[in-house]
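Taken in order, these protein sequences are the chains called G and Z. 2 is the number of the first residue of the first sequence in this note's numbering; add one for each residue after it. 2 is the number of the first residue of the second sequence in this note's numbering; add one for each residue after it.
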Amino acid sequence: DTGVSQDPRHKITKRGQNVTFRCDPISEHNRLYWYRQTLGQGPEFLTYFQNEAQLEKSRLLSDRFSAERPKGSFSTLEIQRTEQGDSAMYLCASSRDSLMNTEAFFGQGTRLTVV
Amino acid sequence: SQQGEEDPQALSIQEGENATMNCSYKTSINNLQWYRQNSGRGLVHLILIRSNEREKHSGRLRVTLDTSKKSSSLLITASRAADTASYFCATPGGKLIFGQGTELSVKP
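Below, the structure is given as structure tokens:
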């Protein structure tokens with residue numbers, strides 16, 4: 002399967018711990034996006050990359066959150082000092098080009114539960 | 002902030018009936034995209050309609066776009082239980098901005 006892959010699928014962590022999620026986009030896609038989704042809501046944009054450059058970060062992305070895409074391929078999203086409010090589904094997506102021209106492909110998400 | 006707003010928030014129909022979901026947005030767009038999300042899963046792209054298109058079909062899906070009213074609709078004809086999901090419209094800039102979605106339940 003050559004779709005967007007996210008790891009892990011589920012993560013339970015204690016409040017205050019750090020967590021890191023990984024996203025592997027479709028190989029020829031140069032754009033990669035991170036979203037957060039809570040129950041009953043639409044996905045909220047967090048950040049996106051074109052190749053290795055982080056082009057935009059949402060104001061939702063506090064300084065506890067950091068994302069990287071070091072070689073323009075896979076990306077990681079780290080949350081430091083997790084809080085219960087961080088519990089959500091974290092979705093990664095990729096696109097081969099600007100979304101003005103094409104669609105995004107989403108992974109299955111990583112469900113984070115902070116206890 | 003969310004650009005698109007779907008209406009209704011929830012819709013329950015019987016198999017075989019048609020389902021219509023509406024989306025309103027605020028700013029001018031290059032295209033509008035519809036996605037489906039099964040419970041607890043990622044989103045799947047359904048259809049992209051460009052600002053110079055009024056209507057687009059894909060299988061049992063029909064999407065319309067009215068840029069003068071800043072609105073779009075998604076029609077699913079002859080619905081099936083497998084169509085049960087949440088449906089989102091999204092408008093692109095550098096990223097997609099999603100509405101809160103319409104939760105569709107199709108009862109067998």
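Note that beta-carbon positions come from the ideal geometry of N, C-alpha and C, so glycine has one too.
Between the CA atoms of residue j and residue i - distance to the nearest angstrom
i: Leu-56(G); j: Cys-93(G); result: 15 Å
i: Thr-39(G); j: Ser-63(G); result: 17 Å
i: Pro-109(Z); j: Ser-76(G); result: 41 Å
i: Ser-99(Z); j: Ala-86(Z); result: The sequence as given places Phe at residue 99(Z); Ser does not occur at that position. Their Cα atoms are separated by approximately 16 Å.
i: Ala-79(Z); j: Glu-79(G); result: 44 Å
i: Ala-68(G); j: Gln-15(Z); result: 44 Å
i: Gly-4(G); j: His-46(Z); result: 13 Å
Unbroken beta strand (DSSP E) run spanning residue i, endpoints
i: Met-90(G); result: 89-96
i: Val-20(G); result: 20-25
i: Val-116(G); result: Neither: Val-116(G) is in no beta strand (DSSP E) and is coded neither H nor E.
i: Ala-54(G); result: 54-58
i: Asn-23(Z); result: 20-25
7 Å Cβ cutoff met for residue i and residue j
i: Ser-72(Z); j: Ser-29(Z); result: no
i: Phe-106(G); j: Ile-27(G); result: yes
i: Ser-13(Z); j: Ser-106(Z); result: yes
i: Met-90(G); j: Arg-70(G); result: no
i: Ser-95(G); j: Leu-33(G); result: yes
i: Glu-29(G); j: Arg-97(G); result: yes
i: Gly-110(G); j: Gly-43(Z); result: yes
Members of the stretch 32-43 of chain G that neighbour chain Z once the beta carbon cut-off is set at 7 Å: Tyr-34, Gln-42 and Gly-43
Segment contact flag, the stretch 5-15 of chain G with the stretch 46-57 of chain Z, C-beta cutoff 8 Å, min 3 pairs: Contact fails: fewer than three Cβ-Cβ distances are below 8 Å.
Could you tell me whether the stretch 83-97 of chain Z touches the stretch 5-12 of chain Z, using the rule of 3 or more Cβ pairs below 8 Å? yes
Could you list the residues in the stretch 39-70 of chain G with a C-beta less than 7 Å from some C-beta on chain Z, going in chain order? Gln-42, Gly-43, Pro-44, Phe-46, Tyr-49, Leu-56 and Glu-57
Across the stretch 19-34 of chain G and the stretch 81-90 of chain G, are there enough close Cβ pairs to call them in contact, namely three or more that are closer than 8 Å? Because the criterion of three Cβ pairs below 8 Å is met, the stretch 19-34 of chain G and the stretch 81-90 of chain G touch.
Taking a Cβ distance cut-off of 9 Å, strictly less, list which residues of the stretch 35-46 of chain Z are near chain G, in chain order. Tyr-36, Gln-38, Gly-41, Arg-42, Gly-43, Leu-44, Val-45 and His-46
Could you list the residues in the stretch 78-100 of chain G with a C-beta less than 7 Å from some C-beta on chain Z, going in chain order? Leu-92 and Leu-100
Interface residues of the stretch 19-33 of chain G facing chain Z [CB-CB below 8 Å]: none
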